[in-house]
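**Q** Would you mind keeping the following structure in view while I ask a few things?
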Amino acid sequence: MTEADAVHLRFAVNVRPKDGILDPQGRAVEGSLGHLGIDGVSSVRVGRRVELTVTAADEDAARVVVERLAAELLSNPLIESYDIEALGGSSSLVGEPA
Amino acid sequence: MSVRIGVTLFPGSNRDIDALNALEIAGAEPVVLWHERADLDGVAGVLVPGGFAYGDYLRAGVIARFSPIMRSVAAFAGNGGPVLGICNGFQVLTEAHLLPGALLRNRGLRFVSRQVAIAPERLDTAFTHLVGERRPLRMPVAHGEGAYFADDAELDELERTGGVLFRYVDPDTGERAGGEGDRANPNGSARAIAGVINAAGNVAGLMPHPETAVEAVLGSDDGLGIIRSFVESAAARSHGGAPAVVGAR
């Protein structure tokens with residue numbers, strides 16, 4: 004793969020507690036809503052969003068990398084689920100040396 | 003003839019000195035295993051100590067899992083080498099899939115740092131055979147993410163196969179702690195589980211700190227039996243003799 008062939012793609016991995024897993028952070032956020040004078044909000048779940056740029060031969064190859072990262076590092080499959088969002092071409096490489 | 007036991011050291015480990023001290027009291031020759039090295043220095047056992055390895059970023063223990071030293075520890079465990087994880091070390095071992103389950107944020111949301119009481123479920127393991135008769139065992143916890151979790155099917159399987167090694171108990175009555183809301187269960191762990199052991203019997207982890215309860219003058223030496231069991235099992239294995247106990251179930 005030469006530099007000219009490579010694509011730089013930006014992805015987001017959204018990780019959240021699995022259904023049925025108690026989420027103490029979500030519960031704490033929910034508990035604070037009363038202090039804001041807000042009601043009618045329930046089932047708050049707190050997750051994590053990781054955005055990253057992948058340099059690979061093509062989009063399929065980039066997705067393979069993101070899938071692996073999401074499953075092995077960014078989430079713990081026992082307690083968390085994730086989805087992957089394609090954010091399109093990268094802007095994060097702007098300003099980096101060619 | 004003392005046995006060499008390694009203590010892994012990650013950026014953010016903070017109970018390593020306590021671990022080295024406890025191992026020495028238990029008669030071992032402790033050595034530090036730096037996280038960037040893959041060499042286990044010929045140790046007979048590995049203790050993964052408490053702390054906040056790699057700042058607990060992402061999830062407690064997960065980044066340590068991919069360090070060079072942990073890859074070697076995983077291979078060592080795969081060959082039957084005894085490995086004990088304490089607190090953050092327990093989290094590292096679950097993230098590395100060397101132990102079942104996961105440690106979630108404490109149900110009460112607060113970091114809990116105080117003395118608790120636990121009791122071993124089994125005395126026939128490499129980590130408990132020298133624990134003796136004293137009950138309950140008093141030692142501190144100090145963690146924010148110690149609520150043991152596995153789904154019900156896995157918990158049933160753990161109970162059935164003897165995978166539950168320690169439970170939180172009431173310090174006065176010695177009875178098994180309740181769920182969330184029972185002060186005896188400091189973090190809301192499922193089924194009051196404080197520590198588990200793998201199916202092969204050579205890897206164990208617990209959230210409480212036996213390594214800081216090894217000298218009566220400092221409040222409790224109830225943890226020493228656990229550390230001594232681990233050290234003697236490692237010694238028996240490395241000297242080529244029969245293991246001190248048959249760990250496999």
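Going down the list, the protein sequences come from chains A and B. Residues in the first sequence are numbered from 4 upward in steps of one, following my numbering. Residues in the second sequence are numbered from 3 upward in steps of one, following my numbering. Note that beta-carbon positions come from the ideal geometry of N, C-alpha and C, so glycine has one too.
Does any CB atom of chain A fall closer than 9 Å to the CB of residue 55/B?
**A** No - not a single Cβ of chain A is within 9 Å of the one on residue 55/B.
**Q** In this structure, how does DSSP classify residue 232/B when only helix, strand and coil are distinguished?
**A** Correct three-state label for residue 232/B: helix.
**Q** Could you tell me whether the Cβ of residue 36/A comes closer than 9 Å to any Cβ of chain B?
**A** Taking Cβ atoms only, chain B never reaches closer than 9 Å to residue 36/A, which makes this a no.
**Q** In chain A, which residues lie less than 9 Å from residue 111/B when you measure between Cβ atoms?
**A** Under the 9 Å cutoff, chain A gives 27, 28, 30 and 31.
**Q** Is the Cβ of residue 12/B closer than 9 Å to any Cβ of chain A?
**A** For residue 12/B, the answer is no, since every Cβ of chain A falls outside 9 Å of its Cβ.
**Q** Quick one: what's got a C-beta closer than 7 Å to residue 20/A's C-beta in the same chain, skipping five residues either side?
**A** Excluding positions up to five away in sequence, the list reads 26, 48, 50, 82 and 83.
**Q** Check whether the Cβ of residue 28/B lies closer than 8 Å to any heavy atom of the ligand GTP, and answer yes or no.
**A** Absent from the structure shown: the ligand GTP. Ligands present: none.
**Q** Note down, in chain order, every chain B residue with its Cβ under 8 Å from the Cβ of residue 82/A.
**A** What residue 82/A touches in chain B: 104, 106 and 151.
**Q** Of all the options 24/A, 22/A and 73/A, which has the alpha carbon lying nearest to the alpha carbon of residue 55/A?
**A** Residue 55/A has its Cα closest to that of 73/A, out of 24/A, 22/A and 73/A.
**Q** May I ask you to report which of helix, strand or coil DSSP gives residue 56/B?
**A** Residue 56/B: helix per DSSP, three-state reduction.
**Q** Let's test the definition: count the other Cβ atoms within 10 Å of the Cβ of residue 78/A and tell me whether it reaches 16, buried, or not, exposed.
**A** Buried.
**Q** With 16 as the cutoff for other CB atoms within 10 Å, does residue 70/B come out buried or exposed?
**A** With fewer than 16 other Cβ atoms within 10 Å, it is exposed.
**Q** So, using beta-carbon positions, are residue 186/B and residue 170/B closer together than 9 Å?
**A** A contact, by the Cβ cut-off of 9 Å.
**Q** State whether the stretch 32 to 50 of chain B contacts the stretch 84 to 94 of chain B, with contact taken as three or more CB pairs (one from each stretch) at a distance under 8 Å.
**A** As far as the Cβ criterion goes, the stretch 32 to 50 of chain B touches the stretch 84 to 94 of chain B, which means the pair count is three or higher.
**Q** Let me know if residue 191/B comes out buried or exposed under the rule of 16 or more other beta-carbons within 10 Å of its beta-carbon.
**A** Buried.
**Q** Of all the CB atoms in chain B, is at least one closer than 9 Å to the CB of residue 79/A?
**A** Yes, residue 79/A lies at the interface with chain B (some Cβ there is under 9 Å from its Cβ).
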